[in-house]
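The opening position of the sequence shown corresponds to residue 1 in the UniProt record's numbering, with each subsequent residue numbered one higher. Beta carbons: idealized from backbone N, C-alpha and C, even for Gly. Note that the coordinates shown come from a computational prediction; the quantities given were computed from them, not determined experimentally. Data first, discussion second: the structure below is written as structure tokens.
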Amino acid sequence: MKKHNFSAGPSILPQTVFEKASQAVIDFENTGLSILEISHRSSEFLNVIERARALALELAGLDDSYEALFLHGGASTQFLSVPYNLLENKAAYIDTGTWANKALKEAQMFGKVEVIASSKDTGYRHIPKEYSIPKDIDYLHITTNNTIYGTQYHSLPTTKVPLVADASSDIFSRTMDYSKFSVIYAGSQKNIGPSGSTLVLIKKDVLGKVSRKIPSILSYENQIGNESMFNTPTTFSIYVNLLVLEWIQAKGGLQGMEKLNQVKAELIYNEIDRNPLVLGYANTEDRSLMNVVFNLKDTSAEILFDALCEEAGISGIKGHRSVGGYRASIYNAMPLESVQLLVEVLQLLERKS
Ligand SMILES: *Cc1c(COP(=O)(O)O)cnc(C)c1O
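Dropping the structure here:
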């Protein structure tokens, strides 16, 4: 029986995408070849990557001053690609948790890094709101959604310096002014596909400003010049990215996603606030629509809750090891019915306790 998968990543994808992708593994669009065996230089694959790049820009509402790349190496490689390509003198980072920290540690190898705000003092339960952004920086880096702590920016920093974001866990989950970003990147495996590919949206005018030499594979300019095909790209992952982006588009684009995601998040947060056994982790105003982190007030109830989840076919809700408790990741592809089921299990736990 298909499980209700609340895993933080790799994570749930639309069922129709699983079906189309598995068909393409056998016979890709009636070519008599598997998607796994066609050349990345074949017209069939070129068509896939071109459609995926164009659709990524279209969904984000970005014009041709931007480029979309599908690169190797996950978001973690972007942690170093960003400073490699953009950091000449100084960058500012906002520390909102584990991933933000990993990003800024890489940047420190390339230049001066100023951490202008941190939410460490509250155990990363909030998004910092008061800070001043230096004018003499090459860019400001934020993490739009903090996957581990379940916090999310609900309004973006206002600044004239280039804004860079790791949006791995909330890319294309809501409407947002993407043109506020000079670079926005996301590992695929949360909202837009399988692990392997990494979507990077880049405003071209931010490039060409550093004096260092950049290795070809990491150079955004080189990747743009080679139309995201400097070497063999992650062909299958990119094909699945295309299927997911088409699914998002068919569901009403980012507006459609946002509506659905708001309904799902409200349902589960309402139960967290109502249920006397449960404690939400993040501050209410900064709660993530994607990762819902909660604890049971009495941890001895975890045995019963785990058993009830298992019985209901709920999988992947154990919290990150640094926070404990539970984390329900309710990405784009998570159906409302699965969230409803989790709410029912929390109510069942209350009745049985
Ligand atoms: C999962 C995650 C990452 C790590 O992504 P990789 O693709 O494994 O490198 C980075 N940032 C955020 C916000 C994440 O959620």
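- Of 282, 308, 233, the smallest CA-CA separation from residue 39 is found for 233.
- Residues of the same chain with a CB within less than 6 Å of the CB of residue 289, apart from the 5 flanking positions on each side, are 261, 265 in chain order.
- Less than 9 Å divides the Cβ of residue 314 from the Cβ of residue 341.
- Residue 114 and residue 125 have their alpha carbons spaced roughly 21 Å apart.
- In the three-state DSSP reduction, residue 214 falls in the coil class, being neither helix nor strand.
- Of the residues 207, 188, 119, 172, the one whose Cα lies closest to the Cα of residue 62 is 172.
- In the three-state DSSP reduction, residue 88 falls in the coil class, being neither helix nor strand.
- Here the alpha carbons of residue 42 and residue 99 stand approximately 37 Å from one another.
- Beta-bridge annotation (DSSP): residue 280 is paired with 294.
- Non-local C-beta neighbours of residue 93 in its own chain, meaning closer than 7 Å and more than five positions away in sequence, comprise 100, 103, 104, 107, 113, 115, 141, ordered along the chain.
- Within the chosen limit of 8 Å, ligand 1 reaches the beta carbon of residue 189 through at least one heavy atom.
- The closest CA to that of residue 207, considering only 183, 12, 165, is found on 183.
- Relative to ligand 1, the beta carbon of residue 286 is positioned no closer than 8 Å to any heavy atom.
- No heavy atom of ligand 1 is found nearer than 8 Å to the CB of residue 95.
- Contact annotation: residue 214 and residue 85 have beta-carbon atoms nearer than 9 Å.
- A direct Cα-to-Cα measurement between residue 122 and residue 225 gives close to 44 Å.
- For the pair residue 338 and residue 147, the CB atoms are not nearer than the 9 Å cut-off.
- Within 8 Å of the C-beta of residue 73 there is at least one heavy atom belonging to ligand 1.
- About 7 Å separates the beta carbon of residue 69 from that of residue 202, a gap short enough to meet the 8 Å contact definition.
- For residue 9, the CB falls within less than 8 Å of some heavy atom of ligand 1.
- The alpha-carbon of residue 242 is positioned some 13 Å away from that of residue 16.
- For residue 95, the secondary structure class from DSSP, reduced to helix, strand or coil, is strand.
- Exclusion of the five residues before and after residue 343 leaves 267, 268, 271 as the residues of its chain whose Cβ lies within less than 7 Å of its Cβ.
- For residue 236, the enclosing alpha helix (DSSP H) covers residues 235 to 250.
- Contact between residue 239 and residue 24 holds, with the beta-carbon distance rounding to 6 Å and staying under 8 Å.
- Distances from the alpha-carbon of residue 190 to those of 209, 205, 176, 170 put 170 closest.
- For residue 175, the shortest separation between its Cβ and any heavy atom of ligand 1 does not lie below 8 Å.
- Closest in C-alpha terms to residue 4, from the list 56, 83, 335, 158, comes 335.
- With a cutoff of 8 Å, residue 147 counts as near ligand 1, since its C-beta is closer than that to a heavy atom of the ligand.
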